[in-house]
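Participant: Please see the structure below; I have some questions.
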Amino acid sequence: MELKSSTINVLFVLIFACSSRILGAFSNGGESTVKQQNPVKRSDFPSGFLFGAATSAYQVEGAYSEDGKSLNNWDVFCHSKGCGENGENGDVADNHYYMFMNDIEMMHSLGLKAYRFSISWSRILPRGRFGEVNPLGIMFYNRIIDNLVLKGIEPFVTIHHGDFPQELEEKYGSWLDPQMQDDFVHFADTCFKSFGDRVKYWITINEPNLVTEMGYERGVYPPNHCSQPFGICLAGDSDVEPLFVMHNMLLAHGKTVKLYRETYQPKQSGLIGLVAHCFMYEPLTDSDSDHKAAERALIFNIGWSFDPPIFGDYPQEMRDYHGSDLPRFSPEEKDFMKNSIDFIGINHYSAIYAKDCTNSSCSETANRAIKGFVEITGERDGVLIGEPTSMPRFFVVPRGLEEIVNYVRDRYNNKPMFITENGYSSPKVQDIKVEEIVNDVKRIEFHQAYLASLAKAMGNGADVRGYFIWSLMDNYEWTQGYKVRFGLHYVDRVTFNRVPKLSARWYQDFIKNNSQVDLLGITTPKLVHKQAYLYDI
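Spelled out as structure tokens, the structure:
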């Protein structure tokens with residue numbers, strides 16, 4: 001599919017000019033406006049600050065079995081169990097594999113300074129280290145990177161974002177086995193060798209702490225491992241397996257950084273980091289025990305992820321609770337793990353309350369060492385911590401971004417940070433109309449508030465160097481399917497046309513540093529489809 005190149009540049013300029021000035025308030029019948037009292041501006045951030053958007057391979061690419069790609073763990077999981085509503089999967093996703101050129105034009109029109117995306121492991125190494133490199137996979141990512149650079153957009157590459165060749169699961173159990181470290185280093189080496197001359201920002205692994213929880217504790221992601229009381233799975237030990245999986249992922253990170261620094265960084269001059277899923281935990285009550293629980297929750301998530309690659313070992317608090325179940329690093333491993341990170345990646349969506357379980361009753365799943373004996377909840381005395389979203393644990397709590405950035409700043413001596421994901425998905429509504437989806441005023445308010453919170457943290461000295469909106473476009477949200485929408489663009493599930501939402505216009509104007517953003521609403525389906533990016537099929 002090819003974009004009508006003669007129209008793309010004018011499309012985004014004209015896209016909203018034909019729209020009504022009324023922001024349709026579909027929920028209450030009145031006028032809806034974006035709250036802009038002292039709005040945050042581009043000029044509130046340093047000139048070199050990277051404003052971007054993010055996606056991941058499985059969630060947008062599609063082409064799941066084409067051009068030499070093998071089945072990955074998510075392909076097999078969703079084909080066998082069914083993911084999302086009505087068994088949805090990522091077989092086609094957003095068809096980005098065939099529409100990436102159009103999507104890069106879309107990014108350029110937005111004015112993005114960086115694009116965070118991931119490499120499909122099974123697309124470039126279909127059999128891992130047991131087979132050959134797939135030249136068509138290398139060519140695909142070379143074309144993405146070359147065209148990003150041509151448009152002045154910094155490629156910000158995640159090596160591993162959840163998906164890997166299914167063969168590695170079947171051969172030796174993937175992340176449960178130390179062999180996966182060797183496979184990952186081989187994968188990373190292939191990426192550095194193929195793309196590193198143009199990529200200056202690398203992320204080894206996305207959210208290892210969330211992978212362990214969802215795949216090996218709760219068992220809702222592949223490989224569907226868990227034990228009671230967390231769930232009913234055919235295999236797994238929810239109290240122990242997450243610890244070993246995290247250990248292997250962290251060692252894979254450390255070995256990869258060692259390789260990069262010794263072999264590639266001197267010539268390629270890039271930076272390499274790690275990304276964690278970062279809730280901000282706040283005490284449920286003012287009790288000392290709940291304050292300690294909130295601190296413990298931070299350590300069991302942030303500390304678990306970043307203490308080893310910065311300090312060379314796990315937090316002592318985790319050793320106190322897990323004892324011999326927590327794996328140990330050898331002296332040699334501690335040596336290469338320590339300071340194996342150039343920047344910290346923070347994926348932050350929400351703050352949440354933490355309740356102590358050592359001195360009070362909790363649910364059976366919370367009252368365990370793997371959870372730090374902490375119960376999390378979004379409600380206190382019948383009041384939610386913030387406005388709900390379509391994700392059960394995500395609430396709109398802008399102060400949380402400032403708080404988590406300050407926590408990371410203080411714990412890790414203000415090591416450079418990037419906000420690698422931050423985004424909003426509105427609560428699910430039955431039979432929602434397209435014009436309602438694209439009039440995403442709440443998303444604009446979300447990002448304005450979170451960016452203001454970030455600017456405040458940076459004003460107090462936090463060394464944050466970039467901010468990536470999740471996501472560039474609505475995509476396949478893992479087991480949530482396609483009904484959970486985080487995108488700046490709506491994707492028509494039949495035509496795959498990308499339709500910019502109001503938030504896309506806002507972000508475009510924000511990046512241009514327009515202090516007064518004139519947001520024009522879309523009130524009819526006809527106007528919605530007029531602004532879709534056009535493709536020849």
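So in my numbering, the last one in the sequence shown is 537, and the numbering has no gaps at all.
We put the CB at the ideal spot given by N, CA and C, even for glycine.
None of the values given here were measured: they were computed from a predicted structure.
Can you find the residues in the same chain that come closer than 7 Å, C-beta to C-beta, to Glu-61, ignoring five residues on each side of it along the sequence?
Facilitator: Ala-93, His-96, Tyr-97, Ser-120.
Participant: Using a Cβ-Cβ cut-off of 8 Å (strictly less than) and excluding sequence neighbours within five positions of Lys-456, which residues of its own chain qualify?
Facilitator: Contacts found: Glu-402.
Participant: For Thr-158 versus Ser-65, is the C-beta distance shorter than 8 Å?
Facilitator: Their beta carbons are not under 8 Å apart, which means Thr-158 does not touch Ser-65 by this criterion.
Participant: Should Met-557 and Ala-276 be called a contact, given that it needs their Cβ atoms to be closer than 8 Å?
Facilitator: As displayed, the chain neither begins before 1 nor continues past 537, which places residue 557 out of reach and without an answer.
Participant: Using a Cβ-Cβ cut-off of 7 Å (strictly less than) and excluding sequence neighbours within five positions of Phe-394, which residues of its own chain qualify?
Facilitator: Counting only Cβ-Cβ distances below 7 Å, and skipping sequence neighbours, we find Tyr-349, Ser-350.
Participant: Curious, which full-length beta strand (DSSP E) runs of at least 3 residues does the segment 210 to 295 contain?
Facilitator: Correct list: 271 to 277, 280 to 283.
Participant: Can you find the residues in the same chain that come closer than 6 Å, C-beta to C-beta, to Leu-539, ignoring five residues on each side of it along the sequence?
Facilitator: Outside the displayed span of the chain (1 to 537) sits residue 539, for which this structure offers no information.
Participant: Between the Cα of Ile-444 and the Cα atoms of Phe-510, Pro-327, Ile-138, Asp-381, which residue gives the shortest distance?
Facilitator: Out of Phe-510, Pro-327, Ile-138, Asp-381, Phe-510 has the C-alpha closest to the C-alpha of Ile-444.
Participant: Considering only C-alpha positions, which residue in the set Val-441, His-247, Ser-340 is nearest to Leu-326?
Facilitator: Answer by Cα proximity: His-247.
Participant: Which residue's Cα is closest to the Cα of Met-280: Asp-239, Gly-52, Thr-377?
Facilitator: The option with the nearest alpha carbon to Met-280 is Thr-377.
Participant: Take Leu-298 and list the residues in its own chain whose beta-carbon comes closer than 7 Å to its own, dropping the five residues that flank it on each side.
Facilitator: The residues are Tyr-281, Tyr-407.
Participant: Secondary structure at Pro-135, three-state DSSP: helix, strand or coil?
Facilitator: Looking at Pro-135 - three-state DSSP - the assignment turns out to be helix.
Participant: When the Cα of Lys-255 is compared with those of Phe-329, Val-240, Val-220, which residue comes out closest?
Facilitator: The shortest C-alpha separation from Lys-255 is found at Phe-329.
Participant: So if DSSP puts Glu-375 in a beta bridge, which residue, or which two residues, is it bridged to?
Facilitator: Its beta-bridge partners are Lys-355.
Participant: Hey, could you find the ends of the beta strand (DSSP E) Phe-468 is sitting in?
Facilitator: Segment 464 to 470, the beta strand (DSSP E) holding Phe-468.
Participant: How big is the Cα-Cα spacing for Met-99 and Asp-239?
Facilitator: Roughly 43 Å separates the two Cα atoms.
Participant: Among Ser-47, Lys-428, Glu-333, which residue has its Cα nearest to the Cα of Glu-85?
Facilitator: That would be Lys-428, whose Cα lies nearest to the Cα of Glu-85.
Participant: Compare the C-alpha of Ala-249 against each of Asn-422, Pro-208, Met-101 and name the closest.
Facilitator: In the sequence as presented, Ala is not what sits at residue 249; that position holds Met. Ranking the options by Cα distance to Met-249, first place goes to Pro-208.
Participant: For Phe-51 and Tyr-467, which I take to be in contact (beta-carbon distance under 8 Å), what is that distance rounded to the nearest angstrom?
Facilitator: About 6 Å separates the two Cβ atoms, so the contact holds.
Participant: CB-CB under 7 Å to Asp-290, same chain, minus the five flanking residues each way: which ones, in chain order?
Facilitator: Contacts found: Pro-283, Leu-284, Ala-354, Lys-355, Asp-356.
Participant: Look at Arg-485 and Ile-419 and say whether their C-beta atoms are less than 8 Å apart.
Facilitator: Not closer than 8 Å, so no.
Participant: Determine the burial state of Gln-316: buried for a count of at least 16 other Cβ atoms within 10 Å of its Cβ, exposed for fewer.
Facilitator: That one is exposed.
Participant: What are the uninterrupted segments assigned as beta strand (DSSP E) that are 3 or more residues long and contained completely in the segment 150 to 183, given in chain order?
Facilitator: Qualifying beta strand (DSSP E) stretches, in chain order: 154 to 160.
Participant: Tell whether a beta-carbon distance below 8 Å holds between Ile-205 and Leu-274.
Facilitator: It is a contact, given that the beta carbons lie within the stated cut-off.
Participant: Look at the alpha carbon of Gly-345 and the alpha carbon of Trp-74, and state the distance between them as a whole number of angstroms.
Facilitator: Looking at the two C-alpha atoms, the distance is approximately 24 Å.
Participant: Met-99 by DSSP, collapsed to three states: which one?
Facilitator: If DSSP states are grouped into helix, strand and coil, Met-99 belongs with the helices.
Participant: Sort out for me which residues DSSP pairs Leu-50 with in a bridge.
Facilitator: Gly-466, per the DSSP bridge assignment.
Participant: Would a C-beta distance cut-off of 8 Å place His-79 and Asn-89 closer than the cut-off?
Facilitator: Their beta carbons are under 8 Å apart, which means His-79 touches Asn-89 by this criterion.
Participant: For the alpha helix (DSSP H) containing Met-337, name the first residue and the last one.
Facilitator: Here the alpha helix (DSSP H) through Met-337 covers 331 to 337.
Participant: What's the C-alpha gap between Tyr-67 and Asn-142?
Facilitator: In the sequence as presented, Tyr is not what sits at residue 67; that position holds Asp. Using only the alpha carbons, I get a separation of about 15 Å.
Participant: Helix, strand or coil for Thr-204 per DSSP?
Facilitator: Three-state DSSP puts Thr-204 in a strand.
Participant: If Val-464 and Val-405 are in contact, beta carbons under 8 Å, what's the gap, nearest whole angstrom?
Facilitator: Sure, about 6 Å apart at Cβ, within 8 Å.
Participant: Do you know offhand how far Ile-310's Cα is from Ser-70's?
Facilitator: Ile-310 and Ser-70: Cα-Cα distance of roughly 35 Å.
Participant: Measure the alpha-carbon distance for Glu-364 versus Met-106 and round it to whole angstroms.
Facilitator: Near 47 Å, if we compare the C-alpha coordinates of Met-106 and Glu-364.
Participant: Could you tell me the alpha carbon to alpha carbon distance between Glu-31 and Ala-462, rounded to whole angstroms?
Facilitator: Confidence at Glu-31 is low in this model, with a pLDDT of 37, below 50, so its placement is unreliable and no value can be given for it.
Participant: Taking 8 Å as the cut-off, decide whether the C-beta atoms of Trp-478 and Asn-422 are in contact.
Facilitator: It is not a contact, given that the beta carbons lie outside the stated cut-off.
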